[in-house]
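As structure tokens, the structure follows; a few thoughts come after it.
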Amino acid sequence: MPARIRTRRCTNSSSTRYFPPAAWISSPPTPGVPVRYQPDLLLRHPEPGTMMERAYRTVKRSIIELDRPPGARFTEHEVARTLGLSKTPVREALARLHRDGLVAPLPRSGYVVSAITLADVANLCDMRTLLQTEAAGLCATRRLDAESARRLDELSIDDDEKYTGETGFEDRLRANYEYEAIIANGSGNDRLAMAVVTVLDEIERVARLVARLTPTLPPERTRQRIAVTEAVRQGNPIEARAAMRVRTVSARDEILRTLLISPAVTTTAIPVP
1 MPARIRTRRC TNSSSTRYFP PAAWISSPPT PGVPVRYQPD LLLRHPEPGT
51 MMERAYRTVK RSIIELDRPP GARFTEHEVA RTLGLSKTPV REALARLHRD
101 GLVAPLPRSG YVVSAITLAD VANLCDMRTL LQTEAAGLCA TRRLDAESAR
151 RLDELSIDDD EKYTGETGFE DRLRANYEYE AIIANGSGND RLAMAVVTVL
201 DEIERVARLV ARLTPTLPPE RTRQRIAVTE AVRQGNPIEA RAAMRVRTVS
251 ARDEILRTLL ISPAVTTTAI PVP
């Protein structure tokens with residue numbers, strides 16, 4: 001079930017425009033300026049919102065960033081005490097996280113963080129390919145504004161020398177998600193941009209797990225990204241779709257390959273069907 005959409009009325013229009021929570025930033029959208037849909041990772045200063053939204057985002061980030069790893073158990077009371085909130089907004093937040101597929105309720109025992117399975121990861125990556133391939137094609141057709149195009153060029157270079165030190169991984173992940181967001185928003189289709197953002201939010205947890213298993217990136221990653229950027233900049237939707245498909249399918253294969261050789265998989269007993 002998708003998250004509920006809250007509304008705001010633009011000051012220069014009699015119609016109501018809809019902004020999903022993932023798109024909100026520290027200040028209200030400027031009338032007449034297209035809404036920029038951003039992955040949760042890039043929302044460094046989200047609006048305070050309600051107590052439920054605060055609980056929701058705090059627990060969600062703890063799950064995505066693996067502070068609460070797959071299989072971890074916790075209670076509603078524990079979350080409420082840690083955040084200094086009453087149980088009602090926490091209960092609503094956990095119900096929403098359950099709908100998102102990030103947690104599952106346990107009978108009289110609290111909640112457990114959902115497992116990461118190969119089947120779910122494969123489905124998620126396939127969905128990413130479908131959505132981002134189309135977004136790249138539409139983005140190339142519409143053409144980016146000068147500032148977005150310039151930033152896309154900057155973000156196209158993704159190598160180990162560019163991201164070093166203790167914050168290297170976080171900087172690289174944010175840069176990658178900013179790159180994806182520029183193309184998604186450049187599609188001109190708000191629904192598609194929202195869908196891309198949702199998938200990216202779900203994939204972030206997987207990306208962090210994979211990074212712990214193998215911190216290096218395949219050498220072709222930058223080349224693939226540059227191919228997408230060039231096709232988008234040249235206004236070639238066919239090449240943009242093809243390049244994005246190569247890029248996302250390659251990422252899918254790399255993710256699944258890494259998970260398949262992880263100890264959690266290779267040491268698991270295979271039952272007789």
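When the letters of the sequence shown are read in order and numbered with the UniProt record's numbering, they come out as residues 1 to 273.
Where a beta carbon is used, it is the ideal one built from N, C-alpha and C, also for glycine.
Quick caveat: nothing in here was measured; it's all calculated off a predicted structure.
Self-check item: At least 3 beta-carbon pairs within less than 8 Å: the region 103 to 119 vs the region 58 to 73
Solution: yes
Quiz item: By DSSP, does residue 206 sit in helix, in strand, or in coil?
Solution: Looking at residue 206 - three-state DSSP - the assignment turns out to be helix.
Quiz item: By DSSP, does residue 105 sit in helix, in strand, or in coil?
Solution: strand
Quiz item: With distances taken between CB atoms, is the gap from residue 316 to residue 156 smaller than 8 Å?
Solution: Residue 316 cannot be examined here, being either before or after the span of the chain that is shown, 1 to 273.
Quiz item: Do you know offhand how far residue 262's Cα is from residue 109's?
Solution: Cα to Cα, residue 262 sits roughly 30 Å from residue 109.
Quiz item: So, is residue 105 buried or exposed, given that buried needs 16 or more other C-beta atoms within 10 angstroms?
Solution: Residue 105 is exposed by the Cβ-count criterion.
Quiz item: What residues match up with residue 274 in a beta bridge as DSSP calls it?
Solution: Since the first and last residues shown for the chain are 1 and 273, residue 274 lies out of range.
Quiz item: Given residue 221, which residues of its chain have a CB within under 7 Å of its CB, disregarding the five upstream and five downstream residues?
Solution: 158
Practice problem: Look at residue 203 and residue 118 and say whether their C-beta atoms are less than 8 Å apart. | Solution: no
Quiz item: Can you give the Cα-Cα distance for residue 230 and residue 129, rounded to whole angstroms?
Solution: 19 Å
Exercise. Under the assumption that residue 242 contacts residue 196 (Cβ atoms under 8 Å), give the Cβ distance between them as a whole number of angstroms.
Key: So it is not a contact: roughly 18 Å between Cβ atoms.
Quiz item: Among the residues of its own chain, which have a CB less than 7 Å from the CB of residue 255, if the five just before and after it don't count?
Solution: 121, 125, 206 and 210
Exercise. Count the other C-beta atoms from every protein chain shown that fall within 10 angstroms of the C-beta of residue 81, then say buried if there are 16 or more, exposed otherwise.
Key: exposed
Quiz item: Once you ignore the five residues that flank residue 249 on each side, which residues in its own chain have a CB closer than 7 Å to its CB?
Solution: 129
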